[in-house]
Amino acid sequence: MKMKKIATTIGLSVGLSTASIANAAPTTFVHLFEWNWQDVALECEQYLGPKGYAAVQVSPPNEHIIGSQWWTRYQPVSYLLQSRGGNREQFIDMVNRCDAAGVDIYVDTLINHMAAGSGTGTAGNTYGNKQYPIYSPQDFHASCTINGSDYGNDRYRVQNCELVGLADLDTAATYVQNTLAAYINELQAIGVKGFRFDAAKHVAASDIQSLMAKINGSPLVFQEVIDQGGEAVTASEYLATGLVTEFKYSTELGNTFRNGSLAWLSNFGEGWGFMPSASAVVFVDNHDNQRGHGGAGNVITFADGRLYDLANVFMLAYPYGYPKVMSSYDFHGDTDAGGPSVPVHNNGNLECFASNWQCEHRWSYIAGGVDFRNNTTDNWATTNWWDNTHNQIAFGRGSSGHVAINKEDSTLNATVQTDMAPGQYCNVLKGELANDATSCTGEVITVNANGTINLNVAAWDAMAIHKNAKLTTSTTPDPESDWQRTVVFISAQTQSGQDMFIRGGIDHVYANTNLGRNCQTSNFECAMPIRHNNLKNATTSPWKANDNYLDWYGVESGQSSEAQGTATDWTTNIWPAAWGAEKTVANDGFGVTPLNIWGEHYWLLDVDMDCSKAVNGWFEVKAFIKNGQGWEGDIAQANTPYVSTNHVAQCGKINMFEFSNSTVEIRNF
Numbered sequence: 022m023k024m025k026k027i028a029t030t031i032g033l034s035v036g037l038s039t040a041s042i043a044n045a046a047p048t049t050f051v052h053l054f055e056w057n058w059q060d061v062a063l064e065c066e067q068y069l070g071p072k073g074y075a076a077v078q079v080s081p082p083n084e085h086i087i088g089s090q091w092w093t094r095y096q097p098v099s100y101l102l103q104s105r106g107g108n109r110e111q112f113i114d115m116v117n118r119c120d121a122a123g124v125d126i127y128v129d130t131l132i133n134h135m136a137a138g139s140g141t142g143t144a145g146n147t148y149g150n151k152q153y154p155i156y157s158p159q160d161f162h163a164s165c166t167i168n169g170s171d172y173g174n175d176r177y178r179v180q181n182c183e184l185v186g187l188a189d190l191d192t193a194a195t196y197v198q199n200t201l202a203a204y205i206n207e208l209q210a211i212g213v214k215g216f217r218f219d220a221a222k223h224v225a226a227s228d229i230q231s232l233m234a235k236i237n238g239s240p241l242v243f244q245e246v247i248d249q250g251g252e253a254v255t256a257s258e259y260l261a262t263g264l265v266t267e268f269k270y271s272t273e274l275g276n277t278f279r280n281g282s283l284a285w286l287s288n289f290g291e292g293w294g295f296m297p298s299a300s301a302v303v304f305v306d307n308h309d310n311q312r313g314h315g316g317a318g319n320v321i322t323f324a325d326g327r328l329y330d331l332a333n334v335f336m337l338a339y340p341y342g343y344p345k346v347m348s349s350y351d352f353h354g355d356t357d358a359g360g361p362s363v364p365v366h367n368n369g370n371l372e373c374f375a376s377n378w379q380c381e382h383r384w385s386y387i388a389g390g391v392d393f394r395n396n397t398t399d400n401w402a403t404t405n406w407w408d409n410t411h412n413q414i415a416f417g418r419g420s421s422g423h424v425a426i427n428k429e430d431s432t433l434n435a436t437v438q439t440d441m442a443p444g445q446y447c448n449v450l451k452g453e454l455a456n457d458a459t460s461c462t463g464e465v466i467t468v469n470a471n472g473t474i475n476l477n478v479a480a481w482d483a484m485a486i487h488k489n490a491k492l493t494t495s496t497t498p499d500p501e502s503d504w505q506r507t508v509v510f511i512s513a514q515t516q517s518g519q520d521m522f523i524r525g526g527i528d529h530v531y532a533n534t535n536l537g538r539n540c541q542t543s544n545f546e547c548a549m550p551i552r553h554n555n556l557k558n559a560t561t562s563p564w565k566a567n568d569n570y571l572d573w574y575g576v577e578s579g580q581s582s583e584a585q586g587t588a589t590d591w592t593t594n595i596w597p598a599a600w601g602a603e604k605t606v607a608n609d610g611f612g613v614t615p616l617n618i619w620g621e622h623y624w625l626l627d628v629d630m631d632c633s634k635a636v637n638g639w640f641e642v643k644a645f646i647k648n649g650q651g652w653e654g655d656i657a658q659a660n661t662p663y664v665s666t667n668h669v670a671q672c673g674k675i676n677m678f679e680f681s682n683s684t685v686e687i688r689n690f
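Per this note's numbering, residue 22 is the first one in the sequence shown, and the count goes up by one each step.
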């Protein structure tokens, strides 16, 4: 069986409404680790700009040693813009295109050291014995090794000896500072807006202050200073020269989400001994600690699936620091492995959500969290904190937003107070607000007249609403919709206690390629809106509540967890007297119906469907028998509008199929 439309990756890429972020100030940047310049440029234009990301941290763009490992980028040979990411012209093109999309570029900048050993760099320059195109032996500290114990008690060795054998620049020297400043100023002239100072802890804060005095303007600077406590060099020393990475945030958040109680997080940040919020760059994980080093601890990564979703939701919803979202790749346990050989944007195909690039910044809970943060900056405090003393929490951002996170195996059912205006809101972690704000493609959260929310958050799930994701009422019908009664029968021999559900819609790849629908960004672009006509079956009616789409994703927000998709009803064309009083679809929601002209065990879906979403009137269907056969096998139906392994039905007509069989009969009402 192939159900290639059903997304199995945690964090489905449900899109966010452009309308909801149009007036929101960007608040979050993303590290596109090891992406090449062409991919970064396309991502700025197609996703990051429209979704409200503030900036991209890119890998070091300068000449480095040759090799496939990711860390070769962190061994500079010169400051020529020729790297694994691309050449100078491609780098400039990326900066300009991202700027036009409203996205800044932050460059990972190596100010502490040059490459170890000897060889040839990516621009063809040779190096060795502390000889480089721009530096000579007199520009370096005398060789010595940083020992593990030095970090706790020997400031001098930490800042003057060689980090893992890398030639240590004499950053107090005027020539070194002038050379570094010239490189940074060149990047600024190109249009770069910010810089990450790698290994800043290994450079004296006074040296960085002197360097900053030679740098033009006031670019954003954040310094990598790993300080988990007990360090000879502390993070607080660097607060005067720019933002500083708060590694304690990553490890403490990871420890709490893995081993502790979310209820502990009510005063997360300064209350936990972290640096001031205005100085901190925070992250759930980064390229170092997700590999088990660089301040690693109980770090949560993409490999943790939904736990990673929830941790990022908290980071993006909680008002502390400048958050950085990690966008990484699957290194398959090889912590040295460089990026995948396939580009992210591969001839129109997005190589995300598989075993190559992870694209976590596109996961709906993370992208939705960015949208929430962008729209709640005007209330920089938590309000109405609620918890169950364990792993269910909710809190507000004043009248600007409210969030709830459930990291337990049972549903979060609670009534919580908010400062939100009464009305209905789109849960931006799961859905998209329509451009006219009259509907949401995902879950809708109601704020009651008294400002409360009756939370119903599924196990290991979350919700987030904000003031700019509020639905408005409208009595004007969508002029482009085409609602028609549509019936689907699927024949399957079943027994008592078994029920049939179906899923369906439009194939993602076909829609992306041929219909101009971006189903990878907004899953519901490939779903069929429905309104159930048969709500009289006492068994199936509860499963049909809040089932607004025939889609590929199973239970919708607010739908019963017992449902496996869209529920159907058992029908027959005859009712023998031995069965007792006759049951009919008209009166009982199941049984005899004039629409069934074939026999027993024909399961019925009777809905009004928006045929404007179909492909020339066609859509796909796949059946699942709960407590029975499970999913049906591949289908090879003839004369379909495109190749599919599913049944293909016509909107506005009566369609009859057989379970795991390519038989089809379509007739008019």
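Think of the CB as a built atom: it goes at the ideal place given N, C-alpha and C, for glycine as much as any other residue.
Practice task
Quick one: grab the DSSP three-state call for ASN471.
Solution key: coil
Practice task
Decide if the segment 111-124 is in contact with the segment 368-386; the criterion is three or more beta carbon pairs, one per stretch, under 8 Å apart.
Solution key: no
Exercise for the section: Compute the distance between the beta-carbons of GLU84 and ASN146, then report whether it is under 8 Å. Expected result: yes
Problem - Between the CA atoms of ALA193 and PRO240 - distance to the nearest angstrom - result: 21 Å
Exercise for the section: Please name the residue in ASN237, GLU64, SER300 and ASN280 whose C-alpha comes closest to that of GLU267. Expected result: Here the closest residue by C-alpha is SER300.
Problem - ARG552, buried or exposed, once every other Cβ within 10 Å from all chains shown has been counted against 16 - result: exposed
Problem - GLN413 - containing beta strand (DSSP E), residue span - result: Per DSSP, GLN413 belongs to the beta strand (DSSP E) from 413-417.
Practice task
Quick one: measure Cβ to Cβ for GLY620 and ASN594, integer angstroms, because I've assumed they're closer than 8 Å.
Solution key: 6 Å
Problem - C-alpha distance - ILE414 paired with GLU583, whole-angstrom precision - result: Between the alpha carbons of ILE414 and GLU583 lies a gap of roughly 25 Å.
Practice task
Using three-state DSSP, classify CYS165 as helix, strand or coil.
Solution key: coil
Handout entry: Euclidean distance between Cα positions of ASN395 and TYR204
Key = 32 Å
Practice task
Report buried or exposed for ASN199, applying the criterion of at least 16 other Cβ atoms within 10 angstroms of its Cβ.
Solution key: exposed
Problem - Environment of ASN165 [buried if 16+ CB atoms lie within 10 Å] - result: For clarity, residue 165 is Cys in the given sequence; the question names Asn instead. Exposed.
Exercise for the section: Under 6 Å Cβ to Cβ from LEU208, same chain only, skipping five residues before and after it: list those, please. Expected result: VAL128
Exercise for the section: Taking only the alpha-carbon atoms, compute the straight-line gap between ASN368 and CYS540 and give it to the nearest angstrom. Expected result: 17 Å
Handout entry: Simplified DSSP state of MET677, which is helix, strand or coil
Key = DSSP places MET677 in strand when its eight states are reduced to three.
Practice task
Given a cut-off of 8 Å, decide if MET521 and TRP624 are closer than it, judged by their beta-carbon atoms.
Solution key: At the C-beta level, TRP624 and MET521 come within 8 Å of one another.
Exercise for the section: In the DSSP assignment, find the alpha helix (DSSP H) that holds ILE387 and state where it starts and stops. Expected result: 385-395
Exercise for the section: Please work out which residues of its chain come closer than 6 Å, Cβ to Cβ, to GLU686, disregarding the five sequence neighbours upstream and downstream, and give them in chain order. Expected result: Here GLU686 has MET677 as same chain residues with Cβ atoms under 6 Å from its own Cβ, once five neighbours each way along the sequence are excluded.
Handout entry: C-alpha gap between VAL305 and CYS380, whole angstroms
Key = When rounded, the distance between both Cα atoms is 15 Å.
Practice task
Could you check how far apart the C-beta atoms of ASN269 and PHE289 are, in whole angstroms? I think they sit under 8 Å.
Solution key: It is Lys, not Asn, that sits at residue 269 in the sequence shown. At roughly 11 Å, the Cβ-Cβ gap does not stay under 8 Å, so LYS269 and PHE289 are not in contact.
Exercise for the section: Locate the beta strand (DSSP E) running through SER512, then write down its first and last residues. Expected result: 504-512
Practice task
Please report the residue range of the beta strand (DSSP E) in which PHE645 lies.
Solution key: 639-647
Problem - Alpha carbon of ILE646 to alpha carbon of GLY360, nearest angstrom - result: Using only the alpha carbons, I get a separation of about 42 Å.
Practice task
Using 10 angstroms around the beta-carbon of ASP355, count the other beta-carbons present and answer buried if the total reaches 16, otherwise exposed.
Solution key: Per the 10 Å Cβ criterion, exposed.
Practice task
Kindly give me the distance between the Cβ atoms of PRO340 and THR403, rounded to whole angstroms, as I take these residues to be in contact under 8 Å.
Solution key: About 7 Å separates the Cβ atoms of PRO340 and THR403, confirming a contact at the 8 Å cut-off.
Practice task
Please name the residue, chosen from ALA210, PHE352 and ILE229, that lies closest to PHE218 on a Cα-to-Cα basis.
Solution key: ILE229
Exercise for the section: Quick one: give me the first and last residue of the alpha helix (DSSP H) that LEU331 is part of. Expected result: 327-338
Handout entry: C-alpha distance - TYR446 paired with ALA388, whole-angstrom precision
Key = 17 Å
Practice task
Look at the Cβ atom of VAL642, then the Cβ atom of GLY525, and state whether they are nearer than 8 Å.
Solution key: Yes, Cβ-Cβ distance for VAL642 and GLY525 is below 8 Å.
Handout entry: Minimum C-alpha distance to ASP503 - residue among ASN412, HIS423, CYS632 and ALA490
Key = CYS632
Practice task
Note down, in chain order, each residue of its chain lying with its Cβ closer than 7 Å to the Cβ of VAL363, except the 5 sequence neighbours on either side.
Solution key: GLU372 and ASN377
Problem - Local conformation of ALA299 per DSSP, three classes - result: Correct three-state label for ALA299: helix.
Practice task
Give a yes or no on whether 8 Å exceeds the smallest Cβ distance from ASN168 to chain C.
Solution key: Among the chains in the structure shown there is no chain C, since it carries only a single protein chain.
Handout entry: Span of the beta strand (DSSP E) around PRO97
Key = Taken as a continuous stretch (DSSP letters only), PRO97 belongs to no beta strand (DSSP E), as it is neither H nor E.
Handout entry: Three or more C-beta pairs below 8 Å linking the segment 47-56 and the segment 75-84
Key = yes
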